[in-house]
Each structure stands twice: as structure tokens, then as C-alpha cells.
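Structure record follows, encoded as C-alpha cells.
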Amino acid sequence: MFLPISRHLLPALLLLSMLSYMSAQTPSSSTSDTHTVAVRLIGLDGQPGPVVQSPLVVKTDAEWEKQLGPAAYRVLRAKGTEAPFCGNLLDNHKDGVYFCAGCGLPLFASSSKFNSGTGWPSFYRPFAPENITEIRDVSLGMVRTEILCARCGGHLGHVFDDGPAPTHLRYCLNSISLVFKDEAEVKKLAPESK
Ligand SMILES: [Zn+2]
281 MFLPISRHLL PALLLLSMLS YMSAQTPSSS TSDTHTVAVR LIGLDGQPGP
331 VVQSPLVVKT DAEWEKQLGP AAYRVLRAKG TEAPFCGNLL DNHKDGVYFC
381 AGCGLPLFAS SSKFNSGTGW PSFYRPFAPE NITEIRDVSL GMVRTEILCA
431 RCGGHLGHVF DDGPAPTHLR YCLNSISLVF KDEAEVKKLA PESK
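Going by my numbering, the first residue of the sequence shown is number 281, and it counts up by one from there.
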């Protein structure tokens with residue numbers, strides 16, 4: 281009498297214990313991994329600060345379109361590409377930092393900008409590797425590596441392995457994905473970014 285009942289109960293008890301284990305694990309991992317991202321903001325000296333957990337910037341398509349306007353929305357949120365030699369930052373040679381036009385995360389420093397001849401602003405390294413997300417892009421019949429802002433997921437451009445020393449990488453950007461601030465503006469920002 282007793283054995284058949286426990287044989288039926290055992291799988292149910294195992295399932296219950298698995299479910300309670302999973303429900304105990306899920307909340308802690310989603311709190312730290314889903315809503316924040318490890319990035320570097322600007323330190324007081326204008327250089328990358330320590331790695332900090334920053335809240336992910338999540339908005340609806342309608343909110344992004346309203347904030348960015350149609351041209352920047354088409355690139356940052358719909359992965360468009362601006363025409364070469366048309367962006368306003370291609371020939372910018374001032375010292376400063378290039379921020380994400382979507383969320384203000386520092387993405388590139390002027391010290392790594394170089395003239396690639398491609399018609400798009402080009403850099404050989406990001407401001408901080410944590411601030412850029414790379415994903416494989418197989419659109420348009422090519423295999424490329426797309427680069428996105430790590431905090432808001434905004435499309436920035438692509439990275440190629442034909443850049444200059446010391447990294448031999450070429451981060452190819454859309455000007456409209458970036459907002460440039462010169463050194464004086466960056467110094468004013470720095471305390472707030474800490
Ligand atoms: Zn961003």
C-alpha cells in the first residue's frame with residue numbers, strides 16, 4: 281500500500297524542490313545582471329574612472345524617436361548608416377570626448393581618433409572596453425562586427441581589424457550617434473560623472 285504512493289509522490293516532490301530552488305535563484309541574478317551594466321564614467325582627470333554599475337537605459341521606440349529626432353533615431357535605434365563624408369564629426373580635430381547621443385555614456389576619446397579615409401569618424405580604441413558591446417552582424421551579405429553602446433544599446437557603427445597601431449582596430453562610427461564635448465566641457469562634467 282505504502283510503496284506505490286511514494287513512487288508517485290517522489291517525482292512531484294523533486295519537481296517542487298527544483299521549482300523552489302529556481303525561484304530562490306532567479307530574483308538575485310536578474311536584479312544585478314538585467315538592470316545595470318558595468319561601465320566606466322569619466323574621472324576627475326578626464327580619464328576613464330573605475331568600473332561602476334550603471335542602470336541600463338531602456339525606452340520605448342516612441343520615446344527614443346521623440347528624444348533623438350528622425351535622423352539620429354534611424355541610425356541609433358534602426359541601425360541605419362549615414363552617408364560617408366557627410367557627418368559633422370569626421371573632420372573634428374579638437375581634444376575632448378565623444379559621448380553616446382542616446383544616453384551620454386563616454387565612448388571614444390579624441391586621442392584615439394585617426395583619419396581612415398573612409399568618410400566616417402574612426403578611432404583605434406574605445407574610451408573604455410566596457411562601454412562598447414560587440415555583436416556579429418551578417419546583414420547586407422557581409423560578416424561584420426557591429427558596435428553598440430553598452431548602456432542604451434544604441435547602434436554606433438562597426439569595428440574592423442584594419443586599423444593602425446597599437447590596436448590595429450578601426451572603430452567606424454556614425455557622427456550622428458555621437459555628441460562631442462571639448463576638454464573644458466568634459467572638466468565641468470567630470471564631478472557629476474563620478
Ligand atoms: Zn548609449
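C-beta atoms are modelled at their ideal positions from N, C-alpha and C, and glycine is treated no differently.
Look at Q347 here: in three-state DSSP terms it is helix. With contacts defined as CB atoms closer than 8 Å, P444 and Y404 qualify as a contacting pair. Proximity of the beta carbon of G434 to ligand 1 is indicated: a heavy atom of the ligand is located closer than 7 Å. Annotation for H435: the continuous beta strand (DSSP E) segment containing it runs 435–440.
The closest CA to that of A464, considering only R320, W400, L324, is found on L324. The stretch 334–346 and the stretch 421–428 do not touch, with fewer than 3 CB-CB distances between them shorter than 8 Å. According to the DSSP assignment, D462 belongs to the beta strand (DSSP E) that extends over 458–462. Taking 3 residues as the shortest admissible run, the stretch 336–418 contains the following complete beta strand (DSSP E) segments, listed from N- to C-terminal end: 376–380, 386–389, 412–417. For V466, the three-state secondary structure derived from DSSP is helix.
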